[in-house]
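I have placed the structure first, in the form of structure tokens, so that the comments after it can refer back to it.
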Amino acid sequence: MMDKDRIAGAAKDFAGKAEGVVGNMTGDAKTQAEGRAREAAGAVQNLYGQAKDAVSDATDAAVNYAKDAYDNRGDTIRGGRKAVAQTVQENPLGALLIAGGIGFALALMMTRPPRRPPQRWRYYG
1114 MMDKDRIAGA AKDFAGKAEG VVGNMTGDAK TQAEGRAREA AGAVQNLYGQ AKDAVSDATD
1174 AAVNYAKDAY DNRGDTIRGG RKAVAQTVQE NPLGALLIAG GIGFALALMM TRPPRRPPQR
1234 WRYYG
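Take the sequence shown: its position 97, counted from the start at 1, is 1210 in my numbering, and no numbers get skipped.
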């Protein structure tokens, strides 16, 4: 399933290239610059859509893997490393985003100062 950002980004990228070609043919620097800007915006939007697709695919793969692991507990333990390695090879961007998210969450948990109980005031008098 393609994300709408990927489709819109590809369309902007194509339109920007076309506008750049027209600017080159006519010698219009403003049209060339606008075409390059539109092309860059389209490429960024396309990459954003690809990242969203990768995260969605990785999430679906993780849910399916968990269901399979529960159903086939013994076989899954042996094949778990192979399945994870294959998922990472097939979808490296999604794996990178998930690993980065987990690392970010762990870093937040480890760097947060511990909770201290409220200070109790004592009267010495």
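Glycine residues also receive a C-beta, built at the ideal position from the N, C-alpha and C atoms.
In this structure, residue 1229 sits away from residue 1163, with a CB-CB distance that is not shorter than 8 angstroms. Here the alpha carbon of residue 1135 sits roughly 7 angstroms from the alpha carbon of residue 1145.
Rounded to whole angstroms, the separation of the alpha carbons of residue 1143 and residue 1172 is 44 angstroms. According to the DSSP assignment, residue 1231 belongs to no alpha helix (DSSP H), since it is labelled neither H nor E. Pairing residue 1151 with residue 1213, the inter-Cα distance amounts to about 30 angstroms.
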